[in-house]
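Notes follow the structure.
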Amino acid sequence: VEFDSSKEKQVVSFIDGDILASADVVPGWKGTKNFTVKNNSNKTITYDIVWKDIVNGFSYDNRLYFGVSKDGITLIDINKGRIPYAVDNGKAIIMNMTLKAGETHKYQFNYEFKNTENANSDKGKVFFSRLEVIAK
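Residues are numbered in our numbering as their position in the sequence shown, beginning at 1, plus a constant of 344.
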């Protein structure tokens, strides 16, 4: 995802690929998504990362866990973040990140289907979402 000064506000969407679109999610499954946000403009920008186009077939108790780190620093602990439902489309995951001109932020999203006592009831269910980066 790259920002430049040609537009006042840019919205860039991207899909996570096969990892989170898999129907083969079983208890103990883990996935990772790495991406960068780069500011090619000559001014500082602020941006959010939000959920978009969510499809979540998991029961409430067995929702996937997720964690987020930026440049190696944990922003959301994987034991605390829970994947949302379609009603949460547009909900911010990360808010008000400041990115100076020429800088790049490196993100890692980790996802996990924890192997709990009743996890097998959601074996094979699907989660899908796009992540959207919105410059303010």
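We treat Cβ as the ideally placed atom computed from N, Cα and C, and that holds for glycine.
Taking Ile420 as the centre and dropping the five residues before and after it, the same chain places the C-beta of Gly411 and Val412 closer than 6 Å to its C-beta, in chain order. Counting the other Cβ atoms within 10 Å of the Cβ of Glu461 gives fewer than 16, which makes it exposed. Setting aside the 5 residues that flank it on each side, Gly416 has no residue in the same chain whose C-beta is closer than 7 Å to its C-beta. Asn454 places its beta carbon less than 7 Å from that of Ile422. In this structure, the beta-carbon distance from Lys377 to Glu456 does not fall below 7 Å. The C-beta distance from Asp397 to Asn433 rounds to 7 Å, short enough to fall under 8 Å. In this structure, Val369 and Phe471 form a Cβ contact; the two beta carbons are roughly 7 Å apart against a cut-off of 8 Å. Beta-bridge partners of Ser413 (DSSP): Thr418 and Gln452. Within the DSSP bridge table, the entry for Asp392 names Ile478 as partners. By the C-beta density criterion, Asp466 is buried, having at least 16 other C-beta atoms within 10 angstroms.
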